[in-house]
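Only one structure is covered here, and it is reproduced in the block below.
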Amino acid sequence: VGDVATFSLDAYGDGETFRAIVVKIDPAAELLEGVANYRTTLQLEEEDSRIRPGMTADLDIVTAERENIIVIPQRVVIFKNSLKLVRVLREGGLVEEIEVETGIIGNRGLIEIVSGIEEGDVVITAIKD
């Protein structure tokens, strides 16, 4: 509650964005196709007569924000014996598994790396057989 949401309405395209504040999140999840969903109520920061009930929107709720961080695709983090690892390409074509500490998980499949790898490291995202 209190987080900022930005959204676009399908009727107006991605170029037109609106802002709102989260005012309520239902405590009980509703399962839709096996995914937990929480009914969330937003309040517009500014009234806009173009926004009507029943319109379809693409919405992002910003729950945390960080700048100048390292992010990688979440799917490349390997869970092994309670460790979080990523595969990094080293000189000579060697592959090394590095333990990492993760942070914020983004909404576009990315995850923050707090420690373990540095900017410039080549993280392996796929291995071909």
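If you read the sequence shown in UniProt numbering, its first letter stands for residue 1, the second for the next number, and so on. For each residue, glycine too, the CB sits at the ideal point set by N, CA and C.
Under the DSSP assignment, ASN37 falls in the beta strand (DSSP E) whose first and last residues are 35-37. DSSP places GLU91 in the helix class (H, G or I) of the three-state scheme.
From the listed residues LEU9, ILE72 and ILE104, the smallest Cα separation to SER49 is found for LEU9. Assignment of beta-bridge partners to ASP58 by DSSP yields SER8. Taking a C-beta distance under 8 angstroms as the contact criterion, ILE78 and GLU112 do not qualify as a contact pair. Under the DSSP assignment, ARG19 falls in the beta strand (DSSP E) whose first and last residues are 17-25. Here DSSP, grouped into helix, strand and coil, assigns VAL76 to helix.
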